[in-house]
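Each residue of the sequence shown is one higher than the one before, counting from 7 in my numbering.
Working notes for the structure below.
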Amino acid sequence: MNADVVVLGGGVIGLSAAWKLASRGLSVALVEKFSLYSGTSYVCGGMLAPNAEAKFTEPDLLKASNTSLELWSDFRNELELVSGHTIGFRDEGTLMVALERDDVYLLDHAKRQHEALGLKTEVLNAEEVREREPNLSPRMLRGMYCEDFQVEPPKLMAALIEACRKTGVHLFDECGDSELGKDFVKFKKTEISFKSVLIATGAWRVNREDAPKVKPIKGQMIVLDMPIPICEHIIRAPDAYLVPKADRLLIGATMEEVGFKRGSLAGSVMDLLVGAWEAMPSVYDLNIRELCTGYRPVGETSMPNLGPSRVDANVFYATGHGRNGVLLTPWTAEKISDHILKSF
Ligand code: GLY
Numbered sequence: 007m008n009a010d011v012v013v014l015g016g017g018v019i020g021l022s023a024a025w026k027l028a029s030r031g032l033s034v035a036l037v038e039k040f041s042l043y044s045g046t047s048y049v050c051g052g053m054l055a056p057n058a059e060a061k062f063t064e065p066d067l068l069k070a071s072n073t074s075l076e077l078w079s080d081f082r083n084e085l086e087l088v089s090g091h092t093i094g095f096r097d098e099g100t101l102m103v104a105l106e107r108d109d110v111y112l113l114d115h116a117k118r119q120h121e122a123l124g125l126k127t128e129v130l131n132a133e134e135v136r137e138r139e140p141n142l143s144p145r146m147l148r149g150m151y152c153e154d155f156q157v158e159p160p161k162l163m164a165a166l167i168e169a170c171r172k173t174g175v176h177l178f179d180e181c182g183d184s185e186l187g188k189d190f191v192k193f194k195k196t197e198i199s200f201k202s203v204l205i206a207t208g209a210w211r212v213n214r215e216d217a218p219k220v221k222p223i224k225g226q227m228i229v230l231d232m233p234i235p236i237c238e239h240i241i242r243a244p245d246a247y248l249v250p251k252a253d254r255l256l257i258g259a260t261m262e263e264v265g266f267k268r269g270s271l272a273g274s275v276m277d278l279l280v281g282a283w284e285a286m287p288s289v290y291d292l293n294i295r296e297l298c299t300g301y302r303p304v305g306e307t308s309m310p311n312l313g314p315s316r317v318d319a320n321v322f323y324a325t326g327h328g329r330n331g332v333l334l335t336p337w338t339a340e341k342i343s344d345h346i347l348k349s350f
């Protein structure tokens, strides 16, 4: 078959770029090595939290993150409309909590930096935090509210897959290793000729000399059943974050430079559970549903690599989103589809 654009990679970045390109009139095929219903985009927390995650040593990332957050509202409305799926958007925000004196110092530091950047945050004393989240530990000393958001990753993925289908994107998954030529991609018994290719393979770097350097940073996460909500906000404790979903609680996440090593370590699971339990003791009584792992695509800088290859004019990259893939999705989809459309 022929396509104007082949997108390699069926995570949030690849799917959203494919959808945008198709809705702007190009014929698009998307090729995913594994299942579309698995992978880092599927199991991640779905936090849209530039403020709570902000690192003030990364001003470009903070700017891109806040720009993307502004784009999220239109992106979500359009996605839900086109796909007919809701994506579990929630706006309770994040509570960062301090459990020790040192954590209080760090929280105050974050507050000063937030203020300097004009971000919307609010420092709360222990009583005020517990008014908002009564199940937080009585040990808690202070909190800070950040006005940010979250979506539900499996719902987001389902909506993107459906939006792609409805706009005519040809989706191929479970393709295994593919061969990428100058104007074609081959996998199994299929060959697709293209005018341009977008490489959005996350932590899985393609074998091209010009491919941006990216490495997997493994994140282990624990999924607990939560039949009755024990919290409404995302809770960011010193040693774990807790992300409440409709019927489950996610506890994350490790940051490990171990390549694509699989599996969940007893020690990591214990550390995450203790970190979550120290902030919210009622975690103790929840059933473990699943242990998950994802691989964040981390590049040489904190900013993603977006744009054309320095070697071939018909090759584009959208990789290196690190901890911020879901947050940066609308911004990335818009930027990379502009780059590709301009080249036609
Ligand atoms: N953004 C959350 C994480 O990477 O763990």
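Beta carbons are placed, not taken as given, at the ideal position from N, Cα and C, and that holds for glycine.
The structure displayed is predicted, hence computed values, not measured ones.
Residues in the same chain with beta-carbon distance under 8 Å from residue i, minus the five sequence neighbours each way, listed in chain order, please.
i, result
"S184", "L14, V37, K39, V191, K192, F193"
"A252", "G94, E158"
"L105", "S143, R145, M146, L147, A243, P244, E284, A285"
"L75", "L54, P56, D154, F155, L333"
"L297", "Q226, M227, I228, V229, S270, V275"
"P287", "N141, S143"
"R82", "I93, F95, V157"
"L166", "V18, L21, S22, W25, L85, S89"
"F355", "Residue 355 falls outside the range modelled here, since the chain spans only 7 to 350, and no answer is possible."
"G174", "A28, S33, V34"
So if DSSP puts residue i in a beta bridge, which residue, or which two residues, is it bridged to?
i, result
"F200", "A9"
"A246", "A243"
"V304", "K221"
"R254", "D231"
"R148", "A104, N131"
"H120", "Bridge partners of H120: none, in fact."
"R96", "Q156"
"E185", "K192"
"I205", "L14, Y323"
Helix or strand or just coil, what does DSSP make of residue i?
i, result
"A165", "helix"
"A259", "coil"
"N72", "helix"
"Y323", "strand"
"E296", "strand"
"K395", "Nothing about residue 395 can be read from this structure; the chain reaches only from 7 to 350."
"P314", "strand"
"A35", "strand"
"L333", "coil"
"L266", "Strictly speaking, residue 266 in this sequence is Phe, with Leu absent from that position. Three-state DSSP puts F266 in coil, outside helix and strand."
"L54", "strand"
"F40", "coil"
"E340", "helix"
"V212", "coil"
"L142", "coil"
"E238", "coil"
"K351", "For the chain, the structure presents residues 7 to 350; residue 351 sits outside this window and is missing."
"S62", "Note that residue 62 is Phe in the sequence shown, not Ser. It is coil, neither helix nor strand."
"E180", "coil"
"L14", "strand"
Within 10 angstroms of its Cβ, does residue i collect 16 or more other Cβ (buried), or is it exposed?
i, result
"T335", "buried"
"L112", "exposed"
"D1", "The requested residue 1 does not occur in the structure, where the chain is confined to residues 7 to 350."
"D80", "exposed"
"V103", "buried"
"H239", "buried"
"I241", "buried"
"V135", "buried"
"L278", "buried"
"P233", "exposed"
"V301", "A small correction: the amino acid at residue 301 is Tyr; Val does not occupy that position in the sequence shown. Buried, by the Cβ-count rule."
"M163", "buried"
"Y48", "buried"
"L32", "buried"
"S308", "buried"
"N8", "exposed"
"L87", "exposed"
"N311", "buried"
"P235", "exposed"
"V110", "exposed"
"I294", "exposed"
"G331", "buried"
"G328", "buried"
For residue i, collect the residues of the same chain with a Cβ closer than 6 Å to its Cβ; drop the 5 residues on either side in sequence, then sort them by chain order.
i, result
"A282", "A246, L248, I257, V289"
"F178", "V37"
"M261", "I223"
If I measure Cβ to Cβ from residue i and keep anything under 7 Å in the same chain, skipping five residues before and after, which residues do I get?
i, result
"Q119", "F62"
"K117", "T127, V129, M150"
"G265", "P222"
"A132", "M146, L147, R148"
"P250", "M232, P235, C237, E238"
*Looking at C-beta atoms only, is the number of pairs between the stretch 18-28 and the stretch 197-212 that lie closer than 8 Å three or more?*
Three or more Cβ pairs drawn from the stretch 18-28 and the stretch 197-212 lie within less than 8 Å of each other, which places the two stretches in contact.
*Per the contact definition of three or more C-beta pairs closer than 8 Å, is the stretch 212-219 in contact with the stretch 313-333?*
With the cut-off at 8 Å, the stretch 313-333 and the stretch 212-219 touch.
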